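Heads up, the sequence shown is in the numbering used here, so the first residue is 169 and it goes up one at a time.
Ideal Cβ positions, reconstructed from N, Cα and C, are used throughout, including at glycine.
Since this is a predicted model, take the numbers as computed values, not measurements.
Only one structure is covered here, and it is reproduced in the block below.
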Amino acid sequence: MSTEYKDWNEVHNCVIKLRENPRRRKEKVYIGCGAGFGGDRPLAALKLLQRVKELNYLVLECLAERTLADRYQVMLSGGDGYDSRIADWMRLLLPLAVEKGTCIITNMGAMDALGAQESVLEVARNLGLSVSVAVAHEIFSNKSGSGSPRVKSNFAEGGASTYLGAAPIVECLEKYQPNVIITSRIADAALFLAPMVFELGWNWDDLKELAQGSLAGHLLECGCQLTGGFFMHPGDKYRDMSFSSLLDLSLPYAEISFDGQVCVAKAEGSGGVLNFSTCSQQLLYEVGDPGAYITPDVVIDFQDVSFHPLSSSCVLCAGAKPSLGSRPEKLLRLVPKDCGWKGWGEISYGGHECVSRAKAAEYLVRSWMEEVCSGVSCNVVSCIIGLDSLKATRINDDSSSWTTNQDVRLRMDGLFELKEHAVLFTREFTALYTNGPAGGGGIRLGANAFSGRLE
Numbered sequence: 169m170s171t172e173y174k175d176w177n178e179v180h181n182c183v184i185k186l187r188e189n190p191r192r193r194k195e196k197v198y199i200g201c202g203a204g205f206g207g208d209r210p211l212a213a214l215k216l217l218q219r220v221k222e223l224n225y226l227v228l229e230c231l232a233e234r235t236l237a238d239r240y241q242v243m244l245s246g247g248d249g250y251d252s253r254i255a256d257w258m259r260l261l262l263p264l265a266v267e268k269g270t271c272i273i274t275n276m277g278a279m280d281a282l283g284a285q286e287s288v289l290e291v292a293r294n295l296g297l298s299v300s301v302a303v304a305h306e307i308f309s310n311k312s313g314s315g316s317p318r319v320k321s322n323f324a325e326g327g328a329s330t331y332l333g334a335a336p337i338v339e340c341l342e343k344y345q346p347n348v349i350i351t352s353r354i355a356d357a358a359l360f361l362a363p364m365v366f367e368l369g370w371n372w373d374d375l376k377e378l379a380q381g382s383l384a385g386h387l388l389e390c391g392c393q394l395t396g397g398f399f400m401h402p403g404d405k406y407r408d409m410s411f412s413s414l415l416d417l418s419l420p421y422a423e424i425s426f427d428g429q430v431c432v433a434k435a436e437g438s439g440g441v442l443n444f445s446t447c448s449q450q451l452l453y454e455v456g457d458p459g460a461y462i463t464p465d466v467v468i469d470f471q472d473v474s475f476h477p478l479s480s481s482c483v484l485c486a487g488a489k490p491s492l493g494s495r496p497e498k499l500l501r502l503v504p505k506d507c508g509w510k511g512w513g514e515i516s517y518g519g520h521e522c523v524s525r526a527k528a529a530e531y532l533v534r535s536w537m538e539e540v541c542s543g544v545s546c547n548v549v550s551c552i553i554g555l556d557s558l559k560a561t562r563i564n565d566d567s568s569s570w571t572t573n574q575d576v577r578l579r580m581d582g583l584f585e586l587k588e589h590a591v592l593f594t595r596e597f598t599a600l601y602t603n604g605p606a607g608g609g610g611i612r613l614g615a616n617a618f619s620g621r622l623e
């Protein structure tokens with residue numbers, strides 16, 4: 169299934185047609201997060217499937233601005249426009265998901281959702297499984313010339329990609345009841361909201377329920393960040409936990425009722441932590457205005473959200489409501505733009521006067537760049553990890569403050585107009601091995617195209 173927008177104004181004006189006689193299929197729906205970013209762990213998703221018997225849907229949220237732009241660059245080079253790891257994920261998850269009747273929803277389709285569909289179907293055939301794989305993606309319709317008929321394409325010119333809402337996924341569920349749904353760029357929370365709308369009989373003007381459902385999606389979208397990941401801090405009595413507890417983190421899931429009641433949870437007996445603090449931290453993640461958090465489906469007011477722990481594994485979440493401007497006027501788009509070439513390098517120094525040696529290395533690289541290509545060193549920024557990398561500005565040159573550092577790492581990043589300059593930077597940086605201060609080691613470097621813009 170693909171959602172086709174016949175008029176660009178329809179996209180920009182966010183026109184959503186009400187569902188005709190939506191049917192309530194369940195009183196409650198259980199939706200889990202199997203991945204919170206592109207580098208998440210498939211085995212953790214399998215554990216959630218195994219531990220939570222009632223799971224109806226498993227969402228793999230693996231796409232962001234950076235990964236979408238990366239996929240576009242790979243596709244231009246002749247590679248896959250979708251996340252090539254989708255085959256590994258499905259090989260592990262499909263057998264149990266099909267056995268349990270759990271539908272998998274994922275945005276790993278990125279720039280080529282149809283290519284991802286073919287990959288999943290091939291995995292299913294090799295596993296001896298009969299599955300239905302639906303696709304919800306953007307189709308672009310452009311005129312090839314004056315008076316010419318419109319030409320449909322799966323890719324926008326220049327790789328632009330619109331952040332769609334939940335409607336295309338809901339349509340997939342209504343028409344096909346598939347085992348897997350693969351999408352292009354759909355807003356993170358909308359991946360989770362869609363099965364709620366479908367199963368609980370919500371319509372697009374049920375703004376209170378949509379706000380609560382989007383709250384659930386927003387809390388779930390980053391995976392283990394809700395259940396103790398990126399949270400543990402030894403020595404802090406509110407955030408400390410044992411290594412074994414951190415190892416046994418459970419990905420989160422939510423129980424959502426037809427009236428909009430939301431409970432987020434982790435698997436019973438699992439490690440990690442789910443409480444007021446982890447929920448509050450995730451609530452504020454990537455939120456600019458808590459009174460008007462914009463999603464394609466509803467603009468949400470988070471200001472009165474409250475969290476009420478019901479047990480060590482379950483938290484009741486209440487208080488999300490539609491903002492006064494309950495619909496966004498426009499949708500967000502990612503437009504890949506050529507921003508030049510990035511060259512970067514890192515090198516470590518340890519022991520006596522390690523900071524001074526790192527500063528000498530920085531001086532050398534900048535000077536070498538000026539010798540071979542005058543004027544480009546001003547495009548390079550530097551920091552010394554372990555000394556000033558967490559500060560907004562470099563510390564002063566008072567060397568008395570350097571004496572406590574026994575191990576530092578110099579990081580230099582340059583943004584250049586030409587690829588040759590980025591490559592040249594990496595070569596000059598590598599020369600530190602035999603031409604720089606004593607004791608340098610562990611060099612890492614790279615040069616790559618730099619692109620991406622939101623509008």
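By the C-beta criterion, the segment 584-604 is judged not to be in contact with the segment 485-496, since fewer than 3 inter-stretch pairs fall below 8 Å. For P336, the closest alpha carbon among the candidates P190, A255, I349 and G508 is that of I349. In this structure, the beta-carbon distance from K343 to T395 does not fall below 7 Å. Of G508, R209, E436 and G283, the smallest CA-CA separation from A302 is found for G283. Counting of Cβ neighbours within 10 angstroms places N275 among the buried residues, the total reaching 16 or more.
Closest by C-alpha distance to R259, out of T351, A213 and A334, is A213. Apart from sequence neighbours up to five positions away, the residues of its chain that approach P402 with a beta-carbon distance below 7 Å are D408, ordered along the chain. One alpha carbon belongs to T602, the other to W536, and they sit about 14 Å apart. Per the coordinates, the alpha-carbon of Y250 lies some 43 Å from the alpha-carbon of G607. E423 sits close to Y198, with the two beta carbons spaced by under 7 Å. By the Cβ criterion, the segment 373-387 is in contact with the segment 478-491, since at least three pairs of Cβ atoms, one from each stretch, lie closer than 8 Å. Around the beta-carbon of Q345, fewer than 16 other beta-carbon atoms lie within 10 Å, marking it exposed. Going by beta carbons, F360 and L388 fall inside the 7 Å limit. In the structure shown, the three-state DSSP call for E514 is strand. Judged by DSSP secondary structure, L583 falls within the beta strand (DSSP E) whose first and last residues are D575 to F584.
Considering only E195, V291, S352 and C482, the residue with the shortest C-alpha distance to A304 is S352. Boundaries of the beta strand (DSSP E) around L484: C482 to A486. Take G206, set aside five residues on each side of it, and the residues of its chain with a beta-carbon closer than 6 Å to its own are C230 and T235, in chain order. With 16 or more other CB atoms across the displayed protein chains lying within 10 angstroms of its CB, Q450 is buried. Residue pairing by DSSP leaves A460 without any beta bridge partner. Close CB contacts of V483 within its chain, under the 8 Å cut and outside five residues either way in sequence, are with C431, V432, A433, L442, N443, F444, C447, F475, H476 and P477 (chain order). Listed in chain order, the alpha helix (DSSP H) runs fully inside the segment 228-271 are 233-244 and 254-268, counting runs of at least 4 residues.
Comparing alpha carbon positions, the residue from H589, S425 and A203 closest to C392 is A203. Here A362 is not near Y331, since their CB atoms are 7 Å or more apart.
Residue range D356 to L368 is occupied by the alpha helix (DSSP H) that includes D356. Y517 is the residue among Y517, C390 and E585 whose C-alpha sits nearest the C-alpha of I552. A residue is called buried when at least 16 other Cβ atoms come within 10 angstroms of its Cβ; E530 meets this threshold and is buried.
Cβ atoms of L583 and G513 stay farther apart than 8 Å, at about 14 Å. Spatial neighbours of A255 in its own chain (CB-CB distance under 7 Å, excluding positions within 5 residues in sequence) are listed in chain order as S287 and V291. Judged by DSSP secondary structure, C447 falls outside any beta strand (DSSP E) and instead within the alpha helix (DSSP H) spanning F444 to L451. Using a 10 angstroms sphere on the CB of V540, the tally of other CB atoms stays under 16, which defines it as exposed. When C-alpha distances from S425 are compared across K194, E188 and I184, the shortest belongs to K194. Counting along the chain, K376 sits inside the alpha helix (DSSP H) bounded by residues L375 to L388.
C-alpha of C271 to C-alpha of E521: approximately 58 Å in a straight line.
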